[in-house]
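Participant: Residue numbers (UniProt numbering): 1 to 99. Here a beta-carbon is modelled for each residue, glycine too, at the ideal position from N, C-alpha and C. As the structure is a computational prediction, the values presented were derived from the model and not from experiment. One structure, pasted below without further comment.
Structure representation (structure tokens):
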């Protein structure tokens, strides 16, 4: 398991989380403590970056130094509010051309 230095708090619920980088290169917050009900395999790579991958049918078990974690979005009690979406601009009809 990565060191305690990787643990930060969620802005919404203030629970301890770890930021990981997924196999697709996206950031994903997971709960800091291992969870046997989790669906993310988490490990620290060779340079200390915390990486995660989804447990899938192709790779259903933990490998090497991985541990199971729950994505924090699934357990956060007070997720931060997203800014309201801007309304879509009305589409203008194409100008009519007379040939």
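1) Quick check on the DSSP output: what are the complete beta strand (DSSP E) runs of length 3 or more inside the region 38-85, in order along the chain?
2) Do the region 38-58 and the region 68-87 meet, that is, are 3 or more Cβ pairs less than 8 Å apart?
3) Is residue 5 helix, strand or coil when you go by DSSP?
4) Which term fits residue 38, buried or exposed, when burial requires 16 or more other beta carbons within 10 angstroms of its beta carbon?
5) Let me check understanding here. Comparing Cα to Cα, which of 45, 35, 62 and 49 lies closest to residue 72?
6) Cα separation between residue 29 and residue 60?
7) Would the beta-carbon of residue 97 be found less than 7 Å away from any heavy atom of the ligand SAM?
8) Given a threshold of 16 other Cβ atoms within 10 Å of its Cβ, counted over all protein chains shown, does residue 32 qualify as buried or as exposed?
Facilitator: So, from the listed chains and residues:
1) 40-44, 50-54 and 67-69
2) yes
3) helix
4) Only buried fits residue 38, as 16 or more other CB atoms lie within 10 angstroms of its CB.
5) 35
6) Near 21 Å, if we compare the C-alpha coordinates of residue 60 and residue 29.
7) For the ligand SAM, the structure offers nothing, since it holds no ligand at all.
8) buried
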